[in-house]
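Have a look at the structure below before the remarks.
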Amino acid sequence: MKKIIISILLILTFSISPLYGQMKEHLIGFKAAYNISGVDFKPTMNEVSVTTFKNYSLVYLYYHDLWKTMPYFGFQASFSYQEQAYRIDDTETRLTCYEIPLVSQFHIDFWKMRFLINLGGFMGYRMASNQAFDSSDLRLDYGFIAGGGLAFVFKPLELHLEGNYQYSLSYLYNPRKFSDTDLQFSYPHQLLLSLALYLHL
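Under this note's numbering, the first residue of the sequence shown carries the number -16, and numbering increases by one thereafter.
So, in C-alpha coordinates, the structure goes:
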(Lines of atoms letter the chains of each structure in order from A and count residues from 1; the text may use other names and numbers.)
(Lines give C-alpha, C1' and ligand atoms only; values in the text may rest on other atoms or scores of the structure.)
Protein backbone atom coordinates (compact mmCIF):
# COMPACT_ATOMS: atom_id res chain seq x y z
CA MET A 1 0.00 0.00 0.00
CA LYS A 2 2.85 2.34 0.92
CA LYS A 3 4.48 1.78 -2.48
CA ILE A 4 1.21 2.60 -4.28
CA ILE A 5 0.80 5.88 -2.34
CA ILE A 6 4.41 6.87 -3.02
CA SER A 7 3.99 6.03 -6.71
CA ILE A 8 0.80 8.14 -6.94
CA LEU A 9 2.50 11.08 -5.19
CA LEU A 10 5.48 10.89 -7.56
CA ILE A 11 3.22 10.78 -10.62
CA LEU A 12 1.23 13.80 -9.33
CA THR A 13 4.42 15.71 -8.57
CA PHE A 14 5.89 15.21 -12.05
CA SER A 15 2.52 15.89 -13.69
CA ILE A 16 1.83 19.15 -11.87
CA SER A 17 5.35 20.64 -11.79
CA PRO A 18 5.43 21.55 -15.50
CA LEU A 19 2.25 23.58 -14.98
CA TYR A 20 4.05 25.66 -12.37
CA GLY A 21 7.47 25.60 -13.94
CA GLN A 22 9.45 28.78 -13.72
CA MET A 23 8.86 31.12 -16.66
CA LYS A 24 11.91 32.98 -17.93
CA GLU A 25 12.02 34.91 -21.19
CA HIS A 26 14.91 37.06 -22.39
CA LEU A 27 14.36 39.55 -25.23
CA ILE A 28 16.43 42.22 -26.92
CA GLY A 29 14.99 44.88 -29.17
CA PHE A 30 15.00 48.28 -30.81
CA LYS A 31 12.47 51.01 -30.00
CA ALA A 32 11.54 54.20 -31.85
CA ALA A 33 9.25 56.85 -30.36
CA TYR A 34 7.22 59.93 -31.22
CA ASN A 35 7.72 62.42 -28.39
CA ILE A 36 5.41 65.22 -27.24
CA SER A 37 8.01 67.10 -25.23
CA GLY A 38 7.72 70.09 -22.93
CA VAL A 39 8.78 71.82 -19.72
CA ASP A 40 6.65 72.90 -16.76
CA PHE A 41 7.85 76.34 -15.65
CA LYS A 42 6.67 77.55 -12.24
CA PRO A 43 5.62 80.35 -12.43
CA THR A 44 4.58 79.85 -16.03
CA MET A 45 6.42 81.39 -18.98
CA ASN A 46 3.66 80.53 -21.48
CA GLU A 47 5.72 77.56 -22.62
CA VAL A 48 4.43 75.26 -25.37
CA SER A 49 5.18 71.58 -25.99
CA VAL A 50 7.01 70.52 -29.16
CA THR A 51 6.97 67.18 -31.00
CA THR A 52 10.22 65.35 -31.74
CA PHE A 53 11.00 62.21 -33.74
CA LYS A 54 14.65 61.44 -32.92
CA ASN A 55 13.98 59.06 -30.03
CA TYR A 56 15.63 55.62 -30.17
CA SER A 57 16.43 52.90 -27.65
CA LEU A 58 18.25 49.60 -27.40
CA VAL A 59 16.24 47.50 -24.96
CA TYR A 60 16.77 44.37 -22.87
CA LEU A 61 13.59 42.77 -21.49
CA TYR A 62 13.37 39.94 -18.97
CA TYR A 63 10.05 38.28 -18.12
CA HIS A 64 9.86 36.03 -15.06
CA ASP A 65 7.32 34.64 -12.65
CA LEU A 66 7.09 35.04 -8.88
CA TRP A 67 7.23 31.93 -6.70
CA LYS A 68 6.59 29.83 -9.84
CA THR A 69 2.88 30.71 -9.74
CA MET A 70 2.50 34.38 -10.77
CA PRO A 71 3.74 34.93 -14.35
CA TYR A 72 3.09 38.68 -14.42
CA PHE A 73 6.48 40.25 -13.86
CA GLY A 74 9.15 41.74 -16.07
CA PHE A 75 12.17 44.02 -16.00
CA GLN A 76 13.19 46.38 -18.78
CA ALA A 77 16.55 48.15 -19.13
CA SER A 78 17.34 50.51 -22.01
CA PHE A 79 19.96 52.82 -23.40
CA SER A 80 18.14 55.71 -25.05
CA TYR A 81 18.90 58.63 -27.33
CA GLN A 82 16.20 61.23 -26.85
CA GLU A 83 15.42 64.64 -28.32
CA GLN A 84 13.62 66.94 -25.88
CA ALA A 85 12.17 70.35 -26.72
CA TYR A 86 9.90 73.22 -25.76
CA ARG A 87 8.99 76.64 -27.15
CA ILE A 88 8.48 80.06 -25.57
CA ASP A 89 7.14 82.67 -27.98
CA ASP A 90 9.29 82.35 -31.13
CA THR A 91 12.25 80.68 -29.40
CA GLU A 92 12.43 76.88 -29.65
CA THR A 93 14.91 74.99 -27.49
CA ARG A 94 15.95 71.45 -28.44
CA LEU A 95 18.16 69.23 -26.32
CA THR A 96 19.91 65.96 -27.08
CA CYS A 97 19.85 63.56 -24.12
CA TYR A 98 21.21 60.11 -23.32
CA GLU A 99 19.22 58.12 -20.79
CA ILE A 100 19.13 54.80 -18.96
CA PRO A 101 15.51 53.90 -18.06
CA LEU A 102 14.94 51.02 -15.61
CA VAL A 103 11.32 49.86 -15.64
CA SER A 104 9.21 47.13 -14.05
CA GLN A 105 6.92 45.82 -16.78
CA PHE A 106 3.90 43.93 -15.46
CA HIS A 107 2.07 41.88 -18.08
CA ILE A 108 -1.08 39.81 -18.50
CA ASP A 109 -0.82 37.33 -21.36
CA PHE A 110 -3.77 36.25 -23.49
CA TRP A 111 -3.95 34.58 -26.88
CA LYS A 112 -0.80 35.84 -28.68
CA MET A 113 -0.84 39.17 -26.89
CA ARG A 114 0.25 40.83 -23.66
CA PHE A 115 -1.33 43.74 -21.80
CA LEU A 116 1.54 45.84 -20.39
CA ILE A 117 1.84 48.18 -17.39
CA ASN A 118 5.11 50.07 -16.90
CA LEU A 119 6.45 51.73 -13.76
CA GLY A 120 10.01 52.83 -13.12
CA GLY A 121 12.60 55.56 -13.26
CA PHE A 122 15.42 56.91 -15.38
CA MET A 123 18.72 58.74 -15.22
CA GLY A 124 20.08 60.83 -18.06
CA TYR A 125 22.52 63.45 -19.22
CA ARG A 126 21.82 66.42 -21.49
CA MET A 127 24.62 66.30 -24.04
CA ALA A 128 23.81 69.14 -26.43
CA SER A 129 21.41 71.99 -27.13
CA ASN A 130 20.64 74.32 -30.00
CA GLN A 131 20.98 77.09 -27.39
CA ALA A 132 24.47 77.36 -25.91
CA PHE A 133 24.83 75.81 -22.45
CA ASP A 134 25.90 78.07 -19.59
CA SER A 135 26.61 77.56 -15.88
CA SER A 136 22.89 77.86 -15.04
CA ASP A 137 21.94 74.86 -17.18
CA LEU A 138 21.64 71.60 -15.25
CA ARG A 139 22.69 68.69 -17.40
CA LEU A 140 22.05 65.71 -15.09
CA ASP A 141 18.48 64.40 -15.37
CA TYR A 142 16.41 61.88 -13.40
CA GLY A 143 12.76 61.15 -12.77
CA PHE A 144 9.97 58.59 -13.10
CA ILE A 145 8.24 56.73 -15.94
CA ALA A 146 4.70 55.32 -16.03
CA GLY A 147 2.64 53.92 -18.87
CA GLY A 148 1.34 50.85 -20.64
CA GLY A 149 0.64 49.20 -23.93
CA LEU A 150 0.01 46.05 -25.92
CA ALA A 151 2.42 43.39 -27.15
CA PHE A 152 1.90 41.02 -30.07
CA VAL A 153 3.82 37.75 -29.74
CA PHE A 154 4.95 35.94 -32.89
CA LYS A 155 7.95 33.99 -31.64
CA PRO A 156 10.80 34.45 -32.16
CA LEU A 157 9.64 38.07 -32.65
CA GLU A 158 7.51 40.32 -30.49
CA LEU A 159 6.02 43.73 -31.31
CA HIS A 160 5.23 46.31 -28.61
CA LEU A 161 3.03 49.41 -28.92
CA GLU A 162 3.40 51.60 -25.83
CA GLY A 163 2.59 55.00 -24.40
CA ASN A 164 4.78 56.21 -21.53
CA TYR A 165 4.85 59.45 -19.57
CA GLN A 166 8.23 60.61 -18.31
CA TYR A 167 8.56 63.41 -15.74
CA SER A 168 11.85 64.85 -14.54
CA LEU A 169 12.39 65.47 -10.85
CA SER A 170 15.52 67.49 -11.63
CA TYR A 171 15.41 71.08 -12.82
CA LEU A 172 16.31 71.96 -16.38
CA TYR A 173 17.80 75.25 -15.19
CA ASN A 174 19.09 76.69 -11.95
CA PRO A 175 16.06 78.47 -10.41
CA ARG A 176 18.08 81.72 -10.41
CA LYS A 177 18.92 81.58 -14.13
CA PHE A 178 16.48 84.34 -15.10
CA SER A 179 16.45 86.37 -11.88
CA ASP A 180 18.31 86.54 -8.56
CA THR A 181 15.15 87.47 -6.68
CA ASP A 182 12.29 85.60 -8.42
CA LEU A 183 12.90 81.86 -8.53
CA GLN A 184 11.86 80.03 -11.70
CA PHE A 185 11.48 76.24 -11.48
CA SER A 186 11.62 74.07 -14.61
CA TYR A 187 10.56 70.41 -14.88
CA PRO A 188 10.91 68.65 -18.26
CA HIS A 189 8.30 66.06 -19.25
CA GLN A 190 7.83 63.73 -22.23
CA LEU A 191 4.91 61.73 -23.61
CA LEU A 192 6.49 58.94 -25.66
CA LEU A 193 4.40 56.91 -28.11
CA SER A 194 6.64 54.05 -29.18
CA LEU A 195 6.93 51.03 -31.42
CA ALA A 196 9.45 48.32 -30.50
CA LEU A 197 10.53 45.09 -32.18
CA TYR A 198 12.03 42.37 -29.97
CA LEU A 199 13.82 39.10 -30.58
CA HIS A 200 13.40 36.19 -28.14
CA LEU A 201 16.78 34.80 -27.11
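Using N, Cα and C, we set each Cβ at its ideal position, and we do this for glycine too. In this text, all values refer to a predicted model and were calculated from it rather than measured experimentally.
Three-state secondary structure assigned by DSSP to A115: In the structure shown, A115 sits in coil (DSSP, three-state: anything other than H, G, I, E or B).
For the beta strand (DSSP E) containing F127, list its first residue and its last residue. First-last of the beta strand (DSSP E) with F127: L123 to F137.
On the CB-based measure, 16 or more other CB atoms within 10 Å of its CB, does F105 come out buried or exposed? The Cβ neighbour count for F105, taken over all protein chains shown within 10 Å, is at least 16; the residue is labelled buried.
Please list the segments of the beta strand (DSSP E) lying wholly inside the region 64 to 121, counting only runs of 3 or more residues, in order along the chain. Taken in chain order, the complete beta strand (DSSP E) segments of 3 or more residues contained in the region 64 to 121 are 74 to 93 and 96 to 112.
Does the distance from the C-beta atom of R97 to that of V136 stay below 8 Å? Against a cut-off of 8 Å, the Cβ pair of V136 and R97 comes out as a contact.
Flag Y43 as yes when its Cβ comes closer than 7 Å to any non-hydrogen atom of the ligand NAD, and as no otherwise. As for the ligand NAD, it is missing from this structure, which has no ligand bound.
F62 to M28 span [Cα, whole Å]: Cα-Cα distance, rounded: 32 Å.
Residues in the same chain with beta-carbon distance under 6 Å from Q173, minus the five sequence neighbours each way, listed in chain order, please. Exclusion of the five residues before and after Q173 leaves N18, S20 and Q149 as the residues of its chain whose Cβ lies within less than 6 Å of its Cβ.
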